[in-house]
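Chemist:
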Amino acid sequence: MKLQMHSIHFDADQKLIDFIQKKADKLDTFYDRILDGEVYMRLDKNERNENKIVEIKLNVPGKQFFAKHQTDSFEGAADEAIEGLRRQIKKYKEKVVLAKQ
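In terms of my numbering, the sequence shown has 14 at position 14, counting the first letter as 1, and numbering is strictly consecutive.
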């Protein structure tokens with residue numbers, strides 16, 4: 001799946017980009033009609049350690065999925081956001097299958 005990566009207020013290293021791409025590619029096993037997506041990695045200016053935010057938008061025919069998570073590492077935030085997308089995709093897929101029956 002083709003993902004556009006955007007890092008806001010910092011330069012993401014290639015390891016982080018590859019990590020997120022690899023995790024997101026696993027979503028294809030749950031739903032093979034994912035067209036593309038966008039990933040926004042942002043540093044939040046706050047006093048807490050949990051200042052890394054990952055937002056992911058995925059496009060499928062006729063629908064868009066979105067997940068956002070904030071934690072103390074981009075890897076952790078990406079994991080949680082992708083897990084949220086996985087749940088949304090499974091729920092959507094079940095609804096589509098039930099509608100066709």
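Backbone N, C-alpha and C fix where the C-beta goes; we use that ideal spot for every residue, glycine too. Owing to the predicted nature of the structure, the values given are computational and were not obtained by experimental measurement.
Once DSSP output is grouped into helix, strand and coil, what is the label at A67?
Modeler: Here residue 67 is taken as the residue at index 67 of the sequence shown, counted from 1. If DSSP states are grouped into helix, strand and coil, A67 belongs with the strands.
Chemist: Just tell me which of Y40, L16, K2, K91 has its CA closest to the CA of H9.
Modeler: The residue labelled residue 9 in the question sits at position 9 within the sequence shown. The shortest C-alpha separation from H9 is found at Y40.
Chemist: So, helix, strand or coil for G84, using DSSP?
Modeler: Looking up residue 84 in the sequence shown gives position 84. Of the three classes helix, strand and coil, the one that applies to G84 here is helix, per DSSP.
Chemist: Measure the Cβ-Cβ separation of S73 and K52 and say whether it is below 8 angstroms.
Modeler: Translated into the one-based positions of the sequence shown, residue 73 becomes position 73. Translated into the one-based positions of the sequence shown, residue 52 becomes position 52. In this structure, K52 lies closer than 8 angstroms to S73 by Cβ.
Chemist: Pick from G76, D11, E80, L85: whose alpha carbon is nearest that of N59?
Modeler: Counting from one through the sequence shown, the residue named residue 59 turns up at place 59. With distances taken between Cα atoms, N59 lies closest to L85.
Chemist: Which term fits A78, buried or exposed, when burial requires 16 or more other beta carbons within 10 angstroms of its beta carbon?
Modeler: What you label residue 78 is simply residue 78 of the sequence shown in a count that begins at 1. Classification for A78: buried.
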